[in-house]
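The sequence shown finishes on residue 485 if you use our numbering, and the numbering steps up by one all the way, no holes. Just so you know, even glycine gets a beta-carbon here, dropped at the ideal spot from N, CA and C. Keep in mind the model is a prediction, meaning the values are calculated, not measured. Take a look at the structure set out below.
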Amino acid sequence: MQNEGGGRSSCATAGESCYPIQIQGRISGVMAAFAGRFGRFLAVLGLTLWAGAVQAATAATGVRVAPQGEGARLVLNLSEPVEYSLFTLANPDRVVIELPELDWQVAGNPAGGLVERVRYARNRPGVGRVVIDLAKPARIAGHFILPPLNGQGHRLVLDLQPGAAPQAELRSPRPEPERQALAAPLPPPPAAKTQPRKPEKRVVVIDPGHGGEDPGTIGVAGTTEKSVTLAVALDLRRALLTTGRYSVFMTRDQDVFIPLRDRVATAVKANADLFISLHADSNPVKSTRGASVYTLSDKASDKEAEALAAKENKADLIAGFAADLNEYDAATRGILIDFALKTTMEYSGRFAKYTLLPELERQVRVLPNPYRFAGFRVLRVPNTPSVLVEMGYLSNREDEKVLTSARGRQALVAALARAVDRHFAEAKY
Numbered sequence: 057m058q059n060e061g062g063g064r065s066s067c068a069t070a071g072e073s074c075y076p077i078q079i080q081g082r083i084s085g086v087m088a089a090f091a092g093r094f095g096r097f098l099a100v101l102g103l104t105l106w107a108g109a110v111q112a113a114t115a116a117t118g119v120r121v122a123p124q125g126e127g128a129r130l131v132l133n134l135s136e137p138v139e140y141s142l143f144t145l146a147n148p149d150r151v152v153i154e155l156p157e158l159d160w161q162v163a164g165n166p167a168g169g170l171v172e173r174v175r176y177a178r179n180r181p182g183v184g185r186v187v188i189d190l191a192k193p194a195r196i197a198g199h200f201i202l203p204p205l206n207g208q209g210h211r212l213v214l215d216l217q218p219g220a221a222p223q224a225e226l227r228s229p230r231p232e233p234e235r236q237a238l239a240a241p242l243p244p245p246p247a248a249k250t251q252p253r254k255p256e257k258r259v260v261v262i263d264p265g266h267g268g269e270d271p272g273t274i275g276v277a278g279t280t281e282k283s284v285t286l287a288v289a290l291d292l293r294r295a296l297l298t299t300g301r302y303s304v305f306m307t308r309d310q311d312v313f314i315p316l317r318d319r320v321a322t323a324v325k326a327n328a329d330l331f332i333s334l335h336a337d338s339n340p341v342k343s344t345r346g347a348s349v350y351t352l353s354d355k356a357s358d359k360e361a362e363a364l365a366a367k368e369n370k371a372d373l374i375a376g377f378a379a380d381l382n383e384y385d386a387a388t389r390g391i392l393i394d395f396a397l398k399t400t401m402e403y404s405g406r407f408a409k410y411t412l413l414p415e416l417e418r419q420v421r422v423l424p425n426p427y428r429f430a431g432f433r434v435l436r437v438p439n440t441p442s443v444l445v446e447m448g449y450l451s452n453r454e455d456e457k458v459l460t461s462a463r464g465r466q467a468l469v470a471a472l473a474r475a476v477d478r479h480f481a482e483a484k485y
């Protein structure tokens with residue numbers, strides 16, 4: 057494993073330890089008004105306002121908890137986005153999510169890592185609290201709401217890391233609804249002045265496909281896929297390191313064969329924030345040319361994606377992540393790995409469709425349907441956006457010329473580097 061650039065990965069966003077943080081979600085004004093009017097109508101009939109609120113309540117349909125290093129990630133499935141606030145309490149240690157009253161449909165007792173139990177209670181009319189009982193003090197390392205994607209609904213995601221004992225409950229002013237932004241945390245108590253910490257560098261892992269005795273596709277003019285992917289990967293590493301914002305690892309930086317399991321293990325060990333695998337395939341239709349982007353999925357988007365995944369999946373299954381789960385029984389390990397890979401699929405799809413492909417389309421030729429998905433083993437990096445970029449077809453003479461020219465590679469690298477910059481500028485994890 058090769059590393060340049062120094063620094064460590066950090067997926068935490070703003071929102072520290074014991075100060076309450078509020079996120080403004082979108083709540084239907086029509087529904088809220090209806091609930092209010094209906095509640096008043098029931099009150100006239102001698103019923104409670106609460107009965108009306110429950111009828112319009114957002115449903116909580118599931119909670120998942122998975123360990124993340126020493127911390128934990130909690131995902132709350134919701135029927136619609138909500139406004140919420142977060143704060144921590146001590147004696148005993150808890151994290152509290154305060155939000156509009158929920159129709160709590162969660163079965164069982166989700167737990168794992170720092171999280172001992174997740175429970176829900178109505179705090180007051182129209183307001184509920186999800187209480188996360190902790191095994192030890194923890195801080196809020198990140199939080200965000202994911203929109204519906206890949207058949208899943210709205211999800212409130214909360215990342216926890218071990219931290220100092222939490223302070224008593226504090227609250228920040230509720231933001232105006234139209235702002236739809238993170239509310240600023242309350243200022244901490246006065247403390248001695250310290251030097252500001254340099255932002256930690258994001259970790260990008262670049263995977264040049266094939267290598268060594270595995271040449272990959274051989275082009276019309278004899279160009280090997282392994283040489284093209286390595287050349288572009290080295291150029292991309294140079295471009296990212298030049299910014300000073302990234303630590304960059306490569307699964308290989310010379311002509312050697314690396315099994316798929318070791319490529320995944322490189323990303324896991326590096327604690328990657330982003331994984332990019334580079335390829336240049338062939339197509340039976342020689343006139344086919346253009347770049348495309350693939351992500352991991354349980355189902356293939358089409359026959360070509362399925363065939364490509366079968367071709368690339370020469371080596372082994374997920375590595376590294378499972379080794380960290382030895383303390384759990386086999387059934388629990390399977391659930392946690394499945395959860396982590398579902399998170400990978402969600403993040404990867406958003407990066408591919410909304411960030412990477414728009415940048416590629418500005419610089420290089422792409423296929424008419426450039427976003428595809430299938431079961432690529434090399435993309436099974438838990439909790440990390442992972443994409444496989446088919447830079448073009450070496451079976452097409454024009455694509456081969458582009459991929460072997462300095463100008464063609466420069467355009468491709470520029471698009472990839474801009475996509476990486478955009479991704480981390482917009483990321484909320």
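Note the first and the last residue of the continuous alpha helix (DSSP H) segment covering residue i.
i	result
residue 462	462-482
residue 418	413-419
residue 319	316-325
residue 455	453-459
Tell me which residue opens and which closes the beta strand (DSSP E) that residue i is part of.
i	result
residue 442	442-449
residue 167	Element bounds for residue 167: n/a, residue is neither H nor E.
residue 294	Per DSSP, residue 294 belongs to no beta strand (DSSP E); it is in the alpha helix (DSSP H), 281-299.
residue 307	From DSSP, residue 307 is part of no beta strand (DSSP E); its letter is neither H nor E.
residue 351	347-352
residue 25	For the chain, the structure presents residues 57 to 485; residue 25 sits outside this window and is missing.
Beta-carbon within less than 8 Å of residue i's beta-carbon, same chain only, minus the 5 sequence neighbours each way: which residues are those?
i	result
residue 167	121, 173 and 174
Mind checking who residue i pairs with in its DSSP beta bridge?
i	result
residue 181	The partner list for residue 181 (beta bridge, DSSP) is empty, contrary to what the question assumes.
residue 333	263 and 444
residue 201	212
residue 269	Note: residue 269 sits in no beta bridge, so no partner.
residue 426	DSSP output for residue 426 lists no bridge partner at all.
residue 116	134 and 160
residue 128	123 and 216
residue 173	189
residue 194	218
residue 258	302
residue 154	141 and 185
Answer with buried or exposed for residue i, where buried requires no fewer than 16 other C-beta atoms within 10 angstroms of its C-beta.
i	result
residue 124	buried
residue 340	exposed
residue 177	exposed
residue 342	exposed
residue 269	exposed
residue 338	buried
residue 111	With a pLDDT of 46 at residue 111, under the threshold of 50, the modelled position of that residue is not reliable, and no figure is offered here.
residue 215	buried
residue 194	buried
residue 463	exposed
residue 283	buried
residue 139	buried
residue 114	buried
residue 320	buried
residue 298	exposed
residue 482	exposed
residue 157	buried
residue 126	exposed
Return the chain-ordered list of same chain residues with a C-beta closer than 7 Å to the C-beta of residue i, the five sequence neighbours on each side being excluded.
i	result
residue 344	449 and 452
residue 412	349, 443 and 475
residue 281	265, 266, 271, 272, 273, 335, 336 and 450
residue 161	115, 116 and 117
residue 427	349, 408, 409 and 413
Using a Cβ-Cβ cutoff of less than 6 Å, which residues in the same chain neighbour residue i once the five nearest sequence positions on both sides are dropped?
i	result
residue 445	334 and 349
residue 286	264
residue 165	173
residue 455	345, 448 and 449
residue 416	347, 422 and 471
residue 169	123 and 128
- [ ] Inspect the CB distances between the stretch 300-315 and the stretch 341-352 and report whether three or more fall short of 8 Å.
- [x] The stretch 341-352 and the stretch 300-315 do not touch, with fewer than three beta-carbon pairs separated by less than 8 Å.
TODO: Could you say if the stretch 183-191 and the stretch 142-151 meet the contact criterion of at least three C-beta pairs nearer than 8 Å?
DONE: Yes: the two stretches touch, three or more of their Cβ pairs being nearer than 8 Å.
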